[in-house]
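Colleague: Residue numbers (the working numbering), protein chains in the order written: chain R, 1 to 285; chain Y, 286 to 558; chain S, 559 to 850. Please find one structure pasted underneath; my questions will follow.
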Amino acid sequence: MAKIKLQDVSFFYGKGTAYCKEALKKVNIEIKEGSITGLIGHTGSGKSTMLQLLNGLATPSEGKVYLDGVDIWEKPKEIGKVRFRVGLVMQYPEYQLFEETVEKDIAFGPKNMGLNEAEIAERINEAIDFVGLSSDVLQKNPFDLSGGQKRRVAIAGVIAMRPEVLVLDEPAAGLDPQGRDVILDGIFKYREKTGATVIIVSHSMEDMARLCDDIIVLSHGEVVLNGTRDEVFAESEMLERIGLAVPQITLLMHELNARGIKINNGIYTEEAAVDEIAGLFGGAR
Amino acid sequence: MKSVSLGQYYAVKSPIHSLDPRIKIVLAILYIVIVFLCSNLLSMALLLVSAIVIVALSNIPLKIVIKSVKPILFIIAFTAIINIFWTTEGNLWLDLGFAKVYDKGVINALFLMVRIFVLIIGSSILLTYTTTPIALTDGIERLLSPLKRIGLPVHDFAMIMTIALRFIPTLMEEAEKIMNAQKARGADFTNGSLIQRAKALIPILIPLFSSSIRHALDLATAMECRCYRGGEGRTRMKILKCRASDIFALLLVIGFGAAVVCINIFASPFLPF
Amino acid sequence: MNSDSYIKIEDLCISYEEDDGGRTSVLKNISLDIKKGEYLAVLGHNGSGKSTLAKLLNMILEPDSGKIYIDGKEITDPEMTEDDVFELRKKVGMVFQNPDNQLVATIVEDDVAFGPENLGIEPAEIRRRVDEALAVVGMSDYAKGEPARLSGGQKQRIAIAGILAMKPDCMIFDESTAMLDPLGRRDIMNTVEKLNREHGITIIMITHYMDEAARANRIVVLNDGEILMDGSPAEIFEKSDKLRECGLDVPQCVGLVHSLKKQGIKIEGECHTPTACAEAIAAALEKKNGKN
Numbered sequence: 001m002a003k004i005k006l007q008d009v010s011f012f013y014g015k016g017t018a019y020c021k022e023a024l025k026k027v028n029i030e031i032k033e034g035s036i037t038g039l040i041g042h043t044g045s046g047k048s049t050m051l052q053l054l055n056g057l058a059t060p061s062e063g064k065v066y067l068d069g070v071d072i073w074e075k076p077k078e079i080g081k082v083r084f085r086v087g088l089v090m091q092y093p094e095y096q097l098f099e100e101t102v103e104k105d106i107a108f109g110p111k112n113m114g115l116n117e118a119e120i121a122e123r124i125n126e127a128i129d130f131v132g133l134s135s136d137v138l139q140k141n142p143f144d145l146s147g148g149q150k151r152r153v154a155i156a157g158v159i160a161m162r163p164e165v166l167v168l169d170e171p172a173a174g175l176d177p178q179g180r181d182v183i184l185d186g187i188f189k190y191r192e193k194t195g196a197t198v199i200i201v202s203h204s205m206e207d208m209a210r211l212c213d214d215i216i217v218l219s220h221g222e223v224v225l226n227g228t229r230d231e232v233f234a235e236s237e238m239l240e241r242i243g244l245a246v247p248q249i250t251l252l253m254h255e256l257n258a259r260g261i262k263i264n265n266g267i268y269t270e271e272a273a274v275d276e277i278a279g280l281f282g283g284a285r
Numbered sequence: 286m287k288s289v290s291l292g293q294y295y296a297v298k299s300p301i302h303s304l305d306p307r308i309k310i311v312l313a314i315l316y317i318v319i320v321f322l323c324s325n326l327l328s329m330a331l332l333l334v335s336a337i338v339i340v341a342l343s344n345i346p347l348k349i350v351i352k353s354v355k356p357i358l359f360i361i362a363f364t365a366i367i368n369i370f371w372t373t374e375g376n377l378w379l380d381l382g383f384a385k386v387y388d389k390g391v392i393n394a395l396f397l398m399v400r401i402f403v404l405i406i407g408s409s410i411l412l413t414y415t416t417t418p419i420a421l422t423d424g425i426e427r428l429l430s431p432l433k434r435i436g437l438p439v440h441d442f443a444m445i446m447t448i449a450l451r452f453i454p455t456l457m458e459e460a461e462k463i464m465n466a467q468k469a470r471g472a473d474f475t476n477g478s479l480i481q482r483a484k485a486l487i488p489i490l491i492p493l494f495s496s497s498i499r500h501a502l503d504l505a506t507a508m509e510c511r512c513y514r515g516g517e518g519r520t521r522m523k524i525l526k527c528r529a530s531d532i533f534a535l536l537l538v539i540g541f542g543a544a545v546v547c548i549n550i551f552a553s554p555f556l557p558f
Numbered sequence: 559m560n561s562d563s564y565i566k567i568e569d570l571c572i573s574y575e576e577d578d579g580g581r582t583s584v585l586k587n588i589s590l591d592i593k594k595g596e597y598l599a600v601l602g603h604n605g606s607g608k609s610t611l612a613k614l615l616n617m618i619l620e621p622d623s624g625k626i627y628i629d630g631k632e633i634t635d636p637e638m639t640e641d642d643v644f645e646l647r648k649k650v651g652m653v654f655q656n657p658d659n660q661l662v663a664t665i666v667e668d669d670v671a672f673g674p675e676n677l678g679i680e681p682a683e684i685r686r687r688v689d690e691a692l693a694v695v696g697m698s699d700y701a702k703g704e705p706a707r708l709s710g711g712q713k714q715r716i717a718i719a720g721i722l723a724m725k726p727d728c729m730i731f732d733e734s735t736a737m738l739d740p741l742g743r744r745d746i747m748n749t750v751e752k753l754n755r756e757h758g759i760t761i762i763m764i765t766h767y768m769d770e771a772a773r774a775n776r777i778v779v780l781n782d783g784e785i786l787m788d789g790s791p792a793e794i795f796e797k798s799d800k801l802r803e804c805g806l807d808v809p810q811c812v813g814l815v816h817s818l819k820k821q822g823i824k825i826e827g828e829c830h831t832p833t834a835c836a837e838a839i840a841a842a843l844e845k846k847n848g849k850n
C-alpha cells in the first residue's frame, strides 16, 4: 500500500477573491513506503504547497490526502498527530532555531509530543548522530554554530520526532559540497535504519540522481513526470523544456548522439557514463 | 503572501493620482479643516458634493471606497445614536417615554455622520488610495525639509520609513514560514490559556527577531557599499515639480474653503439648521 | 606594480578573536593580482575565507597586515579619508547573497536609482543610467513594479542593475547565486558574462559552484585561508583530485574525462562543459578509429 496518497488534490490561494491562484491542479500521486522520492520543479511550480499538504499545514481545496490509507483530515482536531508522523524540514530551517541550547531546540518537537525526559534524551542523541554532530554541541548556543551546523541541528529537531515520513525542502540549499554530503548521507542513513519514507525537494539533479528511487516533476501546479529515477531522467528534453537543470552527463550524452556517436541517452551518472564511453573505445586498455 | 499590498494604494490613472504628493498632503490638511468648518445645511450639502466629485475624479471603484469605511461604521452609528438621544434642543419630534428625540438631535447626528464619512473618504482618497507609501514619505520629507535647518534629521526619518515599508512584506512572509516550521514540530498557537498562548509565541518571535537583525545588518552593509552616507550630497532621480494642475487643485480647494466660510457668515442666519 | 593590474593584494592576513581569547586566522599571506577586465572566480568551501576576502576588498573589514591596492590606490592605508572610501566604493560594486537584503526601495526603478542618487548625480543622468542598467539586466519591463513580487533571480538582477547604474569598474559577486533556483542562477551567470564581455567590467565571482567557476577566465582556489591553486579553468580542473581533497566538486564532465584518462583513454582539450567534452570525445574517437 502507498504510504502517502494524494487523490485529485487541488489547492487555491485566496479562493473567492480576484487574486485567486491555483497552486496545484488535480494532483494524483502515490508514494511508496520506505522509498526516497524526489520532488522537482522550478520556483512557483507548487512544490512548497505540496509539502505543506502532506503534513496538514495546508488543507486541500479539493481532493484528499491519505496517510496509510486514512484521510489525514478525517479528524481535523487530530492533525497535530499527523504532523508528528510526517516530519517537515522547511527551506533554510536554521532560521527557525530559537532555544538557548542545541539540546533544548532539538527537544522542542519531542516535548510537544508529550514524551518523557529519558525518551527525549535518547532521541536527541540518536538525531544528532544521524546528522553527524557530536554530543558536545548539545550545550552550545545554536546561534554560535556555523551555517552548516545550524542546518544540521534544525534537521535533527525534526528527526528527533522519529517521523514515519521525513519531508525535506531543499535541505542542502546554499551549502558547499562537504556540507551537502553530510546532510544527504544523514537522510539516507535515517531511511536505512528506520525504514522511513523520505520525500525530498532539490534543484540539484545530481543529488536527485544519487539519492532517489522515484522522482515526481511538477510544473505549473501539475504533475508532468512521475516514475522511477531512470524513467524520469530518460525524459531529459522535457526536463529542459520546463526549465530544470539536467545533469551535465545527460547533456553530454545528447551532444555525443548529436555528433552521430551511438550511445545510451538515458545515462545520468558519472560512473555509468565512464563505462559507456570506455566501451566506445573498446573497453579499458 | 506575495499579494500583500501595503497601505491601500490603488494603482489606476487619475487626475488625483498624478498630483504632486506634497500638494496632496497640503490639500488633505486643508480639506480636513474645511470639513470642520461646515456647520449648516448648505455647507454640508456642498461638502457631500465635493466628496462625490473627489471620488469620481480618483477613478477608484465605489466598492473599494465603501470598504474602507466599513470598519468604522459601528463607531459612527454609535456616536450618531448617542447624539440623537442626548441632544435636548430644538423641537420635540418623538417621545418614547424613556427618551425624547428632538429635531436638532437628528440633524446633529446626520451632520456628524456626513463629517466623519467625508473626512475618511476625502483624506484616504487624497492620500493613501492615490499615493504610494513611498511617494507619501517622499512628500513628507520634502515638505518638512525646511526643518533640516534647525537640525531635525528629516532625511533619516524618511529613510527609516522607506525601509520599514520595504521590509514589511518580507518579514510577514518570514513570520509565516517560521510559524509553519514550528507548527510542523507540534507547536500549538490556538489552544490553551492566554499565558500558554503567549508562551507559544516565543518560538516565532525569537527567530523573527534574529532574522530582522540579520536583515538590518546585511542591508546596512549593502547600503554602505552603494555609497550611502546620509542625506548630505544626495540627489534624487524623481524631481517633484509643482505643475499648473497642482496649483489649480490648490486654488479649487481654497476656493471651496472660502465658499464654506462665506456660507457660514452670510447664509447661516437664513437656514433652518 | 604591473601597469594593467587593477586590484593588487600583497601579503594579506586577517584573523578574528575566538571566545576563549585565541585568534583564528581566516586569510594567511594572500597575494593576488587581478587585471582590468578579468573574469576571476574565487572558489572555496564554506569557511575557506573567500567571503572575508570580498569584505576586505570593499573596506567592510580591515586586514591585520598586508596591503590592497585598487586602481593604484592603497585602500588599506590608515590615512584614508571618508571621501577616499566613497570614491573607491564607487569603483568596486558588490552584489551579496540574499537579494532581499540589498534592495532599499519599494519600487524597482527607485531602488536602482539609490546608488547614483548617493553619488549626487544630476536627475536626468540618473534616469538615463537607471533605464540603461535595467535594460542590460533585462528587467526594463519591471521598472515600476515592486521588488516584493519578483522572484529571487529577478531581485538579484535588480541588485546588479543598482550597482551597474553607479558605473563601477569592477563588480564582486559574493555567492550571489547561492539562494537561487537553476533558472535564476542561469540568468545571473549570463548577466555576469555579459557585463564582463560587453561592458568590460572586471568580475570577481565568489562561489562554491564549480560550473559557475568554469565560466570564468581564471580561477583562484582558496583552502583554509590560503591560495591553493591559481590558473585557467582547464589548468585547475586538470587537478581534480586536489579539488576533491579540499571538499570541492569538479564538473561531472571533467570527472568523467579524468576517469577515462585513468583507464588509458586519451582525450585532449578542455572538457568542462558538455559541448566541449563531446567535441573532445568525438575527436578522440575519430583519432582512434583513424589509426585502426
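Note that CB positions come from ideal geometry on N, CA and C, so glycine has one too. The structure presented is a predicted model; accordingly, all values stated were derived computationally and were not measured.
#1: Residue 361 of chain Y and residue 329 of chain Y - do their beta-carbons sit closer together than 8 angstroms?
#2: Chain Y beta carbons: is any one of them nearer than 8 angstroms to that of residue 52 of chain R?
#3: Less than 8 angstroms between the CB atoms is what I'm expecting for residue 677 of chain S and residue 724 of chain S, so what's the real figure, rounded?
#4: Just grab the DSSP bridge partners of residue 36 of chain R for me.
#5: So, with DSSP's three-state summary, where would you put residue 316 of chain Y?
#6: Near residue 387 of chain Y, which residues of its chain fall below 7 angstroms by C-beta distance, leaving aside the five closest residues on each side in sequence?
#7: For residue 597 of chain S, which residues from the same chain have a beta carbon less than 6 angstroms from its beta carbon, with the 5 sequence-adjacent residues on both sides left out?
#8: If you run the structure through DSSP and keep just helix, strand and coil, what is residue 417 of chain Y?
#9: Assuming residue 256 of chain R and residue 840 of chain S make a contact with CB atoms under 8 angstroms, what is their CB distance in whole Å?
#10: Check whether the region 726 to 737 of chain S touches the region 701 to 708 of chain S, taking contact to mean three or more Cβ pairs, one atom from each stretch, closer than 8 angstroms.
#11: Touching or not, the region 153 to 160 of chain R and the region 197 to 217 of chain R, by the rule of three or more beta carbon pairs under 8 angstroms?
#12: Since residue 503 of chain Y contacts residue 616 of chain S with CB under 8 angstroms, what's their CB separation in whole angstroms?
#13: Distance, Cα to Cα, residue 481 of chain Y vs residue 78 of chain R?
#14: For residue 500 of chain Y, decide whether its Cβ has a neighbour in chain S, counting only Cβ atoms nearer than 8 angstroms.
#15: Mind listing the chain Y neighbours of residue 621 of chain S? Cutoff is C-beta to C-beta under 7 angstroms, in chain order.
#16: Please classify residue 309 of chain Y as buried or exposed, where buried requires at least 16 neighbouring CB atoms within 10 angstroms.
#17: For the pair the region 21 to 28 of chain R and the region 88 to 97 of chain R, tell me if three or more CB-CB distances fall below 8 angstroms.
#18: According to DSSP, is residue 92 of chain R part of a helix, a strand, or is it coil?
#19: Can you give the beta carbon distance from residue 811 of chain S to residue 252 of chain R, rounded, assuming they're within the 8 angstroms contact cut?
#20: Can you name the residues of chain S whose CB is closer than 7 angstroms to the CB of residue 507 of chain Y?
#21: Bridge partners for residue 370 of chain Y per DSSP, in chain order?
#22: So for residue 21 of chain R, helix, strand or coil by DSSP?
#23: Using the C-alpha atoms, what's the distance from residue 771 of chain S back to residue 830 of chain S?
#24: Tell me, which residues are paired with residue 728 of chain S by DSSP?
#25: Are the CB atoms of residue 394 of chain Y and residue 422 of chain Y nearer to each other than 8 angstroms?
#26: Just list the residues that DSSP pairs residue 776 of chain S with in beta bridges.
#27: Nearest to residue 265 of chain R by alpha carbon, out of R/232, R/133, R/111?
#28: Just verifying my parser: in three-state terms, what is the DSSP assignment at residue 218 of chain R?
#29: So what does DSSP say about residue 8 of chain R, is it helix, strand or coil?
#30: To the nearest angstrom, report how far apart residue 304 of chain Y and residue 311 of chain Y are at their CA atoms.
#31: Around the C-beta of residue 859 of chain S, are 16 or more other C-beta atoms found within 10 angstroms, so that it is buried, or is it exposed?
#32: Run through DSSP, which three-state label would residue 212 of chain R get?
#33: Across the region 54 to 66 of chain R and the region 4 to 12 of chain R, are there enough close Cβ pairs to call them in contact, namely three or more that are closer than 8 angstroms?
#34: Can you pull the chain Y neighbours of residue 190 of chain R, defined as C-beta to C-beta under 8 angstroms?
#35: Could you please give the first and the last residue of the uninterrupted alpha helix (DSSP H) stretch that includes residue 137 of chain R?
#36: Got a sec: is the Cβ-Cβ distance from residue 679 of chain S to anything in chain Y below 8 angstroms?
Modeller: Walking through what the data contain:
#1: no
#2: yes
#3: 6 angstroms
#4: R/198
#5: helix
#6: 372, 373, 374, 375, 376, 377, 378
#7: 754, 761, 774, 775
#8: coil
#9: 7 angstroms
#10: no
#11: no
#12: With 8 angstroms as the limit, residue 503 of chain Y and residue 616 of chain S do not qualify as a contact, their Cβ atoms being about 13 angstroms apart.
#13: 19 angstroms
#14: yes
#15: In chain order: nothing, as chain Y lies at least about 17 angstroms away.
#16: buried
#17: no
#18: coil
#19: 6 angstroms
#20: 654, 659, 660
#21: BP columns for residue 370 of chain Y are empty, so no partner.
#22: strand
#23: 10 angstroms
#24: S/650, S/760
#25: no
#26: S/598
#27: R/232
#28: strand
#29: strand
#30: 11 angstroms
#31: Past the edges of chain S, shown from 559 to 850, lies residue 859 of chain S, and the structure says nothing about it.
#32: coil
#33: yes
#34: Here the premise fails: no neighbours, minimum Cβ distance about 16 angstroms.
#35: Unbroken run through residue 137 of chain R: none, as it is neither H nor E.
#36: yes
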